[in-house]
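Structure first, commentary second.
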Ligand SMILES: Cc1cc2nc3c(=O)[nH]c(=O)nc-3n(C[C@H](O)[C@H](O)[C@H](O)COP(=O)(O)OP(=O)(O)OC[C@H]3O[C@@H](n4cnc5c(N)ncnc54)[C@H](O)[C@@H]3O)c2cc1C
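In the working numbering, the protein residues as written are 70 to 366.
In C-alpha cells form, the structure reads like this:
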C-alpha cells in the first residue's frame, strides 16, 4: 500500500509530525529504532508541562496517545535506504521490505560521539552534560567544568559561568590571547594540563583527575559532543546541508521542507540549537506542511 507519509524516526520531532498528520486524517507509518538522543538522562527539563519528567515516559505517553488514531502505524524497524520513487518516495528496511509514500519526513536525530576519557561515558546525561538550560540549575553555585573540544567551547565556558564557578579544561588544546581575555572577563579559570580521568561514586562526579597527579573538584562537566546524523538518508537523497559550528544540519525552509520537494526534515538534524520543545515544534511544522501539500498538491 502507498502511505500518505513515511516518518523516519519516532522521537520527539517524528511523533509530533505524525500527530498532526493523523489529526488531518492521513495515513502515516513511523519507523523507529527506539534510541532518542536524551535516553541517557533520567529527567528532561524545560519542556512546558513536563519539566523534570523522565524522557522515556514522555515518549511512552506520546506513543500511547498517537496509537488512539486509526490511521497511524508505529513500526520498530530501521530504515537503511531512502529514494525518490516516481512522484513519491520509498524506503528500504534493515529487516527487508520496502515502504512507499507520497511524502517523506526525516526525524532520525543525532548520535553523540563522546571524548574517550576514562569515566566520562558512564556519566553522560547525568553529570557529564552538553546544555546548561537542560541540566544546569541542578548544579547551581557548585564548581563546574567545561571540556574544550571546539572553538565554541570558549563561548560554552563563558555561558556556563552563569550557573557556577567554572573551569575550562583545555586537555591538550591551546588558546589565543583574545580567547583568554573573554574567559577572564567571565572569571572562568583555565586548566591546561591534560585530563587523566573522572572520579566519583557511580554516575556522580566528584573530581577531574589530571595527568600531573592533581585533582580538581568538579560537580558537573559540560562538553560539546561530536554529533553526527544517526542515519545516512540525507546523503542518499542528495539533500543540501548547512555547516554550523556544531556540525552539519539539513537545510530546510520555513515549512521544514528540504531541498528535495516532498521531503521534510525536523528536530535536531535540521536545526540549531537543540531541545525537546524545538524538536516538537519543528515536527508540528513538518507534519502540517506535509498535510497541506497532500491536500493542495
Ligand atoms: C544527554 C542529553 C540530555 C538532554 N536533555 C534535554 C533536556 O533536559 N531538555 C531538552 O529539551 N532537551 C534535551 N536534550 C536534547 C533532546 O534530546 C533533543 O533535542 C531531542 O531528542 C531531539 O528530538 P529528535 O526527534 O530530533 O531526535 P531523537 O529524540 O533523538 O529521536 C530520533 C529517533 O530516530 C530513531 N532513528 C534513528 N535512525 C533511524 C533509522 N534509520 N530508522 C528508524 N529510526 C531511526 C532513533 O532511534 C530515535 O528514536 C538532551 C540531549 C542529550 C544528548
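Cβ coordinates follow ideal geometry from the N, Cα and C atoms, glycine included. Given the structure is predicted, the values throughout are model-derived calculations rather than measurements.
Residues near residue 240 in its chain [Cβ-Cβ closer than 7 Å; skip 5 each side]
216, 217, 263, 264.
Taking the continuous beta strand (DSSP E) assigned at residue 72, which residues delimit it?
It spans 71 to 77 - the beta strand (DSSP E) in which residue 72 sits, taken as one unbroken run.
Can residue 358 be considered in contact with ligand 1, in the sense that its beta carbon sits closer than 6 Å to one or more heavy atoms?
For residue 358, the shortest separation between its Cβ and any heavy atom of ligand 1 does not lie below 6 Å.
Given a cut-off of 7 Å, decide if residue 140 and residue 192 are closer than it, judged by their beta-carbon atoms.
No, these two residues do not count as a Cβ contact at 7 Å.
Going by beta-carbon coordinates alone, are residue 335 and residue 311 separated by less than 7 Å?
Going by C-beta atoms, residue 335 is not nearer than 7 Å to residue 311.
Buried or exposed for residue 70, please, with buried defined as at least 16 other CB atoms from any protein chain shown within 10 angstroms of its CB.
The C-beta of residue 70 has fewer than 16 other C-beta atoms within 10 Å across all chains shown, which makes the residue exposed.
In DSSP terms, what residue 172 is bridged to
DSSP lists 74 as partners of residue 172.
Top-ranked residue by Cα proximity to residue 299, from 280, 284, 316, 123
Considering only alpha carbons, the answer is 316.
Does the segment 136 to 151 come into contact with the segment 82 to 91, if we say contact requires no fewer than three beta-carbon pairs (one atom in each stretch) closer than 8 Å?
Yes: at least three Cβ pairs fall under 8 Å.
Pull up the distance between the alpha-carbon of residue 329 and that of residue 152, whole angstroms please.
Taking the straight line from one Cα to the other gives about 11 Å.
For residue 333, count neighbouring Cβ atoms within 10 angstroms of its own Cβ and tell me buried if that reaches 16, exposed if not.
With 16 or more other Cβ atoms within 10 Å, it is buried.
Can at least three beta-carbon pairs, one atom from the segment 197 to 205 and one from the segment 280 to 294, be found at a separation below 8 Å?
The answer is yes - the segment 280 to 294 touches the segment 197 to 205, with three or more Cβ pairs under 8 Å.
Which of the three DSSP states is assigned to residue 298 in this structure?
Note: residue 298 maps to strand in three-state DSSP.
My parser needs the beta strand (DSSP E) runs of 3 or more residues fully inside the segment 176 to 220; what are they?
Given a length threshold of 3 residues, each whole run of the beta strand (DSSP E) inside the segment 176 to 220 is given here in chain order: 179 to 182, 213 to 216.
Using three-state DSSP, classify residue 309 as helix, strand or coil.
The answer is coil: DSSP assigns residue 309 none of H, G, I, E or B.
Whole-angstrom Cβ separation of residue 319 and residue 303, contact assumed at under 8 Å?
Confirmed, Cβ separation roughly 5 Å.
Return yes when the C-beta of residue 272 is under 6 Å from any heavy atom of ligand 1, and no when it is not.
It does not: the Cβ of residue 272 is nowhere closer than 6 Å to a heavy atom of ligand 1.
On the DSSP bridge assignment, give the partners of residue 319 in chain order.
Residue 319 pairs with 310.
Any idea if residue 356 is buried or exposed, counting beta-carbon neighbours within 10 angstroms, 16 or more meaning buried?
Flag for residue 356 reads buried.
Relative to ligand 1, is the shortest distance from any of its heavy atoms to the C-beta of residue 106 smaller than 6 Å?
Yes.
Buried or exposed by the 16-neighbour rule on C-beta atoms within 10 Å, applied to residue 280
With fewer than 16 other Cβ atoms within 10 Å, it is exposed.
Report yes or no: do three or more beta-carbon pairs, one from the segment 249 to 269 and one from the segment 165 to 173, lie closer than 8 Å?
Between the segment 249 to 269 and the segment 165 to 173 there are fewer than three inter-stretch CB-CB distances shorter than 8 Å, so the stretches are not counted as touching.
Using the three-state DSSP reduction, which class does residue 138 fall into: helix, strand or coil?
Correct three-state label for residue 138: coil.
Cβ-based burial, residue 117 [other Cβ within 10 Å; buried from 16]
That one is exposed.
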